[in-house]
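Numbering follows the working numbering, in which position 155 of the sequence shown is assigned residue number 155; successive positions increment by one, without gaps.
From the three backbone atoms N, C-alpha and C, an ideal C-beta is built for every residue, glycine too.
Read through the structure below, which is laid out as structure tokens, and then see the notes.
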Amino acid sequence: MDLKLENKVALITGASKGIGKAIALVFAEQGAKVAVNYHNSEKQAKGVEQQIKAMGREVCLVQADVSNAEEIESMIQKIVNKYGRIDILVNNAGIFPRKAFLEYDSQTFDKVLGTNLKSMFFCSQAVAKQMLNQENGLIINIASDAGITPKNNKGIPYGLSKSGMIYLSKCLSLTLAPKIRVNCIAPGYTETDMTLYLKDSEIRKEIEAKIPSGRVNQPKDIADLALSIVSDYQDTGKTYTICGGDIRTLED
């Protein structure tokens, strides 16, 4: 069997559930040694660890608050000490408090930007130092279509953080080329713990009526796209949108 990621070391932040979990599992299936980052969701992270071990693949759990630069540095060092390298970083960790504009306080705003955007900046910085020494590497950033097109007033800081991720991805692709490729995925509506409102049949029907394929994303849709970016393309600086399985770039 030809494994696309055999002997590659991949770090996925926020990998205990949702999109991050799906990416961890797909990468492991393709032979990667996977570092599963989590913050508070230890039970779920151990579940991902068990699934990967059941495949006969290598996995390590790395607990860290990725909004904290010191914890990021410690996490990266732990992975490098164990595997000697990091080939792929997926910046996936994120939160989405659903509050209206007038309800947001400074603390919640800072937490959203810290978890979603600051984490991407400092995880990428820490991993890039290692990748530059290796003279190759790939960073994939999981943003959101909400960072391109405003949806409603229930998550302005979230959309702002995701817009920043898209911009930062382009900046890093220029800064780190040619040794490190940096690409971004901006999913549309995706069925995860962040989108429990999709369980409301009327809301779901209204949303899916606007999607050409007639369905929302599943986490594996994003994981499969991430795998194709890792294994098939040599592009850098691209932002891929995916909605109901329909993949485009912002340039399309």
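If you reduce the DSSP assignment to three classes, tell me which class residue i lands in.
| i | result |
| --- | --- |
| Gly279 | For the chain, the structure presents residues 1 to 252; residue 279 sits outside this window and is missing. |
| Ile211 | coil |
| Leu5 | coil |
| Thr115 | helix |
| Asn68 | coil |
| Pro219 | helix |
| Arg204 | helix |
| Leu61 | strand |
| Asn81 | helix |
| Ile12 | strand |
| Thr190 | strand |
| Phe101 | helix |
| Glu251 | coil |
| Thr175 | helix |
| Ile76 | helix |
| Met55 | coil |
| Asp110 | helix |
| Phe96 | coil |
| Ile19 | helix |
| Lys46 | helix |
| Gln30 | coil |
| Lys238 | coil |
| Lys151 | coil |
| Ile166 | helix |
| Ser124 | helix |
| Ser231 | helix |
Going by the CB atoms, is the gap between residue j and residue i shorter than 8 Å?
| i | j | result |
| --- | --- | --- |
| Ile139 | Ser119 | no |
| Leu227 | Val127 | no |
| Gly31 | Asn92 | no |
| Ala143 | Tyr158 | no |
| Ser163 | Gly237 | no |
| Val48 | Ala24 | yes |
| Phe96 | Gly18 | no |
| Ala64 | Glu58 | no |
| Asn183 | Asp224 | no |
| Leu89 | Ser231 | no |
| Met55 | Ile86 | no |
| Thr190 | Pro150 | no |
| Gly214 | Gly244 | yes |
| Met165 | Asn116 | yes |
| Val34 | Ile52 | yes |
| Val112 | Ser169 | no |
| Tyr240 | Ala177 | no |
| Ser74 | Tyr38 | no |
| Lys179 | Asn136 | yes |
| Tyr83 | Val9 | yes |
| Ile247 | Ile222 | no |
What are the partner residues of residue i, as DSSP defines its beta bridges?
| i | result |
| --- | --- |
| Arg181 | Leu138 |
| Asn91 | Asn141 |
| Pro157 | Answer by DSSP bridge pairing: none, since Pro157 is not bridged. |
| Asp246 | Cys243 |
| Val36 | Ile12, Leu61 |
| Ala226 | DSSP output for Ala226 lists no bridge partner at all. |
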